[in-house]
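For the sequence shown, position 174 (counting from the first letter as 1) is numbered 1465 according to my numbering, and the numbering increases by one without interruption. Glycine is no exception: its CB is placed at the ideal position from the N, C-alpha and C atoms.
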Amino acid sequence: MNKDGQDLSDMRRAMVRCQLVTRGISDGRVLEAMERVPREQFVPEHLRFEAYEDHPVPIGQGQTISQPYIVALMAEALCLKGRERVLDIGTGSGYAAAVLASLALEVFSIERIPELAAQARKNLDRTGFTQVHVKCADGTLGWPEAAPFDGICVAAGAPAVPAALKQQLAVGGRLVIPVGTEGGLQQLLCITRLSDSEYEQASYGDVRFVPLLGEEGWP
Ligand code: SAH
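What follows is the structure, encoded as structure tokens:
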């Protein structure tokens, strides 16, 4: 139930069926998490009824909460089983962090805009995801004190894969990140760390994200 006493779980179930299952999301744990996390609690109140639509929704400060399918696609690419420590870059509303927290053991999330980090903290606390760590900083440098991570999820488009994030990935871990031109199309890459020095890369197709701004991102 949300604050108005309205239960949007029907909309949530329809979103999972029509936007995720039909497009090939098949990890049962990801589908379950997407069906459980109340996405309407992470968008501004006046946009609550857009929360389950098949597109990104504005969350203030010129930023958006990603389309449900993209959140599910990135979560599925991380192949989480429940014991992992995950780094989430670009907290935004906190929604993706909540989905990841439903799939992994511990989530560390970084947002560069203080107002959004504060709002995300509120959204996560209100929905019971009090265990997610949120800090306001430049996520392109990662979170060295908490590294290594079994999964890293970057929700903003980078010019290239930040070296710090590759370094903070555990061997066997996966990094999902959109890489491409500023304000244009990016390719969603999944990078797996095979050993200390070897990485393997796969592409999940074209996506469009807001730019990753920072020392190892766009200026
Ligand atoms: N995952 C979010 C959506 C994020 S939109 C959600 O579920 O709502 C991308 C976010 O990345 C924006 O909030 C933007 O401010 C943030 N961002 C951009 N560059 C960043 C950086 N270097 N470090 C941390 N956050 C960054």
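Report the start-end ranges of each alpha helix (DSSP H) in the segment 1315-1400 that is 4 residues or longer and not cut off at the edges.
Entirely contained in the segment 1315-1400, the alpha helix (DSSP H) runs reaching 4 residues are, in chain order, 1319-1327, 1359-1368, 1386-1394.
Would you please state the rounded distance, in angstroms, between the beta carbons of Gly1442 and Val1377? I believe it to be under 8 Å.
About 4 Å separates the two Cβ atoms, so the contact holds.
Does Arg1272 come out as helix, strand or coil in the three-state DSSP assignment?
Lying outside 1292 to 1510, the shown extent of the chain, residue 1272 is not represented and no answer is given.
Ala1493 lies in the beta strand (DSSP E); which residues open and close that run?
Ala1493: member of the beta strand (DSSP E) spanning 1490-1498, first to last residue.
Let me confirm a value: Met1306 is counted as buried when at least 16 other C-beta atoms fall within 10 Å, else exposed. Which label applies?
Under this definition Met1306 is a buried residue.
Which listed residue (Arg1465, Glu1489, Arg1403, Thr1483) has its alpha carbon closest to that of Ala1447
Among Arg1465, Glu1489, Arg1403, Thr1483, the Cα nearest to that of Ala1447 is on Arg1403.
First and last residue of the uninterrupted alpha helix (DSSP H) at Arg1484
For Arg1484, there is no enclosing alpha helix (DSSP H); the enclosing beta strand (DSSP E) has its first and last residue at 1477-1484.
Would you mind giving the Cβ-Cβ distance between Thr1356 and Gly1381, rounded to the nearest angstrom? I have them listed as a contact below 8 Å.
Note that residue 1356 is Ile in the sequence shown here, rather than Thr. Under the criterion of beta carbons closer than 8 Å, Ile1356 and Gly1381 do not qualify as touching, at roughly 10 Å.
Where Val1501 sits in the DSSP three-state scheme:
Here Val1501 sits in coil by DSSP.
With a CB to CB cut of under 6 Å and the five nearest residues on each side skipped, what residues in its chain are close to Glu1491?
Result list for Glu1491: Thr1483, Leu1485, in chain order.
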